[in-house]
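Residue numbers for the sequence shown follow the numbering used here, beginning at 73 and rising by one.
See below for the structure under consideration.
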Amino acid sequence: MNEKLHSLKKEQQELPAYRARKQIIQHIQRLRTAIIIGETGSGKTTQVPQYLYDARLHQNAVIAITQPRRVAAISIAQRVSEEKQCNLGELVGYNVRFDNMTSACTKLKYMTDGMLLREAILDPLLKKYSIVILDEAHERTIHTDVLFGVVKAAQKKRNSLNRKDVSLKIIIMSATMDVDNFSSYFGSCPVLYLEGRQFPIKLYYSPEHQSDYSFAALVTVFQIHRQASPDEGILVFLTGQEEIEATVKQIWDISKELAGEAPPLCVFPLYASQPPIVQLRVFSPVPKGTRKVIVATNVAETSLTIKGIKYVVDSGMVKAKLFNPSSGLDLLKVVRTSRAQAVQRTGRAGRESPGSCYRLYTEQEFDQFRPNTLPEIQRCNLSGVLLQMLAMGISDIVNFDFIDKPTTQSIINALDQLNFLGAVEKTDKIQLTAVGKKMAAFPLDPRLAKVILVAKDMNCLEEILSIVSILSVDSLVYNPQTRREEAVAARKKFESAEGDFMTYLNILRSFKASAGNKKWCRENFVNSKNANMALEVRRQLRGICQNQGMQFTSSARDSNAIRKCLVGGFFMNAAELDKDGNYLTLSTRKLCSIHPSSSLFNCKPAYVIYNELVQTTKCYMRDVCVVDPDWLYDAVPTYFKKK
Ligand code: CDP
Ligand code: MG
Numbered sequence: 073m074n075e076k077l078h079s080l081k082k083e084q085q086e087l088p089a090y091r092a093r094k095q096i097i098q099h100i101q102r103l104r105t106a107i108i109i110g111e112t113g114s115g116k117t118t119q120v121p122q123y124l125y126d127a128r129l130h131q132n133a134v135i136a137i138t139q140p141r142r143v144a145a146i147s148i149a150q151r152v153s154e155e156k157q158c159n160l161g162e163l164v165g166y167n168v169r170f171d172n173m174t175s176a177c178t179k180l181k182y183m184t185d186g187m188l189l190r191e192a193i194l195d196p197l198l199k200k201y202s203i204v205i206l207d208e209a210h211e212r213t214i215h216t217d218v219l220f221g222v223v224k225a226a227q228k229k230r231n232s233l234n235r236k237d238v239s240l241k242i243i244i245m246s247a248t249m250d251v252d253n254f255s256s257y258f259g260s261c262p263v264l265y266l267e268g269r270q271f272p273i274k275l276y277y278s279p280e281h282q283s284d285y286s287f288a289a290l291v292t293v294f295q296i297h298r299q300a301s302p303d304e305g306i307l308v309f310l311t312g313q314e315e316i317e318a319t320v321k322q323i324w325d326i327s328k329e330l331a332g333e334a335p336p337l338c339v340f341p342l343y344a345s346q347p348p349i350v351q352l353r354v355f356s357p358v359p360k361g362t363r364k365v366i367v368a369t370n371v372a373e374t375s376l377t378i379k380g381i382k383y384v385v386d387s388g389m390v391k392a393k394l395f396n397p398s399s400g401l402d403l404l405k406v407v408r409t410s411r412a413q414a415v416q417r418t419g420r421a422g423r424e425s426p427g428s429c430y431r432l433y434t435e436q437e438f439d440q441f442r443p444n445t446l447p448e449i450q451r452c453n454l455s456g457v458l459l460q461m462l463a464m465g466i467s468d469i470v471n472f473d474f475i476d477k478p479t480t481q482s483i484i485n486a487l488d489q490l491n492f493l494g495a496v497e498k499t500d501k502i503q504l505t506a507v508g509k510k511m512a513a514f515p516l517d518p519r520l521a522k523v524i525l526v527a528k529d530m531n532c533l534e535e536i537l538s539i540v541s542i543l544s545v546d547s548l549v550y551n552p553q554t555r556r557e558e559a560v561a562a563r564k565k566f567e568s569a570e571g572d573f574m575t576y577l578n579i580l581r582s583f584k585a586s587a588g589n590k591k592w593c594r595e596n597f598v599n600s601k602n603a604n605m606a607l608e609v610r611r612q613l614r615g616i617c618q619n620q621g622m623q624f625t626s627s628a629r630d631s632n633a634i635r636k637c638l639v640g641g642f643f644m645n646a647a648e649l650d651k652d653g654n655y656l657t658l659s660t661r662k663l664c665s666i667h668p669s670s671s672l673f674n675c676k677p678a679y680v681i682y683n684e685l686v687q688t689t690k691c692y693m694r695d696v697c698v699v700d701p702d703w704l705y706d707a708v709p710t711y712f713k714k715k
């Protein structure tokens, strides 16, 4: 243990942030707002909060450090608690949606930006905190962007109160970003640059356009694997869970065939929706003489430091949520990264020693990438975040102090959606209705929150809570590449003719009845971690319902009531079958199909609702449920009258 501590201390002291320690403390002591820029791995996230704490700048209140991703918040809190030699949840803790690991003595609180925004609903002045660090600011997530305005207003208000209250310091930390924009937003506040630790990286472009980037990635990994020393890790950037799992499987299969010709290899997938325990595996060391290969989404771009990476293979692609303000549709789509993202990815190869980056696109293609990533707030559906802002008492959304404004059209669209959900009303100003206030209490998408409120009046709250919980976690089932048919056959018995939502409900019911039995899960290809997580989410949502004094009712097996409730939240995601056998969304007449993973894939129900649209080769509806058109109309006549 002592040895471990010693090596931890040594590692800490070798970080670029350590050399700048005194300067950082002085800088922040003097300023109300500060910006710190430093390359990934320089010690911003893990060290800076500790320096401030050790220098007692926190004035005995809490230091909040926000992260765009839950996995980063959890893994970093874990690391910092080791460095501070305390149990996680004591001095150092984390708070992410549905998982709170903090206590009354927590002073260094790592949390997702979404959770801090949620806390601001109850206390817009964030009085619990003396320092708020908005970390990974370059990611420009929608929650961090809104927090910029919220903390800025809180700081101003707290200073003007001029009481003996603890003052609020704001620190913005980031890898690379448009610093001028940030600095001018915070009243020309000074910027502190940490000396980076970046070794030279050899760049290789693809000589020609690659139409199949995941195949190109596979080929490149094995070119490197056959030549490089086994202690040199490879980090591959792809776009999403399915693609990553498939590639991991292929790498694994090929490496087995190569046994004897190349060193053994350990390959790990890494994406945001994995259970944290699984994600943490990528940080653990592999046996000596074995190569580590990580196939990741952009989650590995900046917020996580993985040791021993010498090679980066970059597809140049990223899965992004795009929103079309004129159609009002949210769409998941694989698109090109920005040049800034590509540079970040490349940088991951040179953190500890010189490295190489293989870009699976041509130099001409790179030149055509957009220079910076568009802030999420300018490309996403705003209804969720507007509901929270309204709950905080911010009613003049258009004139809110955004660092980069969303388009007026997207604000209008989001308010329209909230209006159809019954969450807002317009008198002399826009405000939440009683329903809207209740909806804001749930850490959920407004549509899901609405479904819960409808369920209370339809006597099926228990069932709806299960479905909403399932939709809030990653997939309950898994389909190993080689045993796909077997998996589908094993789960046939859960299938409902009424669609996926009902099928999921059957799976969770059976999981609960089997008491999470491992053998049962294996035989039915049910992901027990995700199913357990769904039960935990359910427990917490049930707690919120209890606080609101709701009656817990069950519809027994009346699936009509359950589906009617779902329509109450999802009526904007409805589609009808046309005479040619295609589906058209009711909102914008967009052509779409039922996703192959759906239990309704080969069926042609006349009317359906869906959870989300995914654009791949075609536009697919994922998580589909059969509905009666009358229910749609009855749920929100005003919405359908307009159409
Ligand atoms: O925030 P920034 O990218 O500047 O660096 P950091 O996240 O504070 O990480 C600093 C160093 O801590 C990394 O280079 C890793 O060596 C180490 N670290 C780790 O070993 N395990 C973690 N979960 C987080 C950080
Ligand atoms: Mg960091």
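Ideal Cβ placement from N, Cα and C applies to all residues, glycine included.
Cα atoms of K156 and S665: separation of roughly 53 Å, rounded to the nearest angstrom.
The C-alpha of R635 lies about 12 Å from the C-alpha of L533.
The Cβ atoms of G221 and D476 lie no closer than 8 Å to each other.
Every beta strand (DSSP E) of 3 residues or more that sits fully in the stretch 126-188 is shown, in chain order, as 134-139, 164-168, 171-173 and 180-184.
In the DSSP assignment, T105 is bridged to I242.
Remark: the shortest separation between the CB of T117 and any heavy atom of the ligand MG falls under 7 Å. Sequence-distant partners of I536 (beyond 5 residues in either direction) whose C-beta falls short of 7 Å from its own C-beta, in its chain, are V523, I524, A527, I634 and C637. Here V251 has I107, I109 and V263 as same chain residues with Cβ atoms under 8 Å from its own Cβ, once five neighbours each way along the sequence are excluded. Taking one beta carbon from each stretch, the stretch 201-212 and the stretch 165-180 have fewer than 3 pairs nearer than 8 Å; the two do not touch. For the pair V507 and V385, the CB atoms are not nearer than the 8 Å cut-off. For G427, the beta-bridge partners assigned by DSSP are I273. Minimum Cα-Cα distance from E317 among the listed residues F294, E329, P302 and S286 corresponds to S286. By the Cβ-count criterion, W703 is buried, with 16 or more other Cβ atoms from all chains shown falling within 10 Å of its own Cβ.
Using a Cβ-Cβ distance cut-off of 8 Å, the stretch 684-694 and the stretch 658-676 are in contact, since at least three pairs of beta carbons, one from each stretch, lie closer than that value. Assigned with DSSP and collapsed to three states, I378 falls in coil, not helix or strand. Taking S626 as the centre and dropping the five residues before and after it, the same chain places the C-beta of N531, C532, L533, E534 and E535 closer than 8 Å to its C-beta, in chain order. Non-local beta-carbon contacts of L160 in its own chain, meaning distances under 7 Å to residues more than five positions away in sequence, involve A149, Q150, S153 and M173 in chain order.
For E83, the CB stays at least 7 Å from every heavy atom of the ligand MG. Annotation: the continuous alpha helix (DSSP H) that includes M605 extends over S600 to N619. Out of I502, K509, R519 and N471, the CA that lies nearest to the CA of Q489 is found in R519. Where V223 is concerned, the enclosing alpha helix (DSSP H) starts and stops at I214 to L233.
Across the structure, Y679 and K391 are spaced so that their CA atoms are roughly 29 Å apart. Excluding sequence positions up to five before and after F573, its CB lies within less than 7 Å of the CB of I539, L638, D695 and C697, all in the same chain and listed in chain order. When C-alpha distances from Q620 are compared across R581, K509 and F642, the shortest belongs to K509.
Per the coordinates, the alpha-carbon of G422 lies some 44 Å from the alpha-carbon of Y576. The beta carbons of A486 and L458 sit about 5 Å from each other, so the pair counts as a contact at 8 Å. Note: D386 is bridge-paired with F309 and R431 in the DSSP secondary-structure output.
Here L337 is buried, its C-beta having at least 16 other C-beta atoms within 10 Å.
Distance from the C-beta of D207 to the nearest heavy atom of the ligand MG is below 7 Å. Sorting I378, I381, T409 and K379 by C-alpha distance to the C-alpha of K393 places T409 at the top. Under the DSSP assignment, P341 falls in the beta strand (DSSP E) whose first and last residues are L337 to L342. Assigned with DSSP and collapsed to three states, E497 falls in strand. Here Q131 is exposed: its Cβ has fewer than 16 other Cβ atoms, across all protein chains shown, within 10 Å. Remark: the shortest separation between the CB of F355 and any heavy atom of the ligand CDP falls under 7 Å. Between the alpha carbons of M464 and R91 lies a gap of roughly 40 Å.
In the structure shown, G508 falls within a helical segment according to DSSP collapsed to helix, strand and coil.
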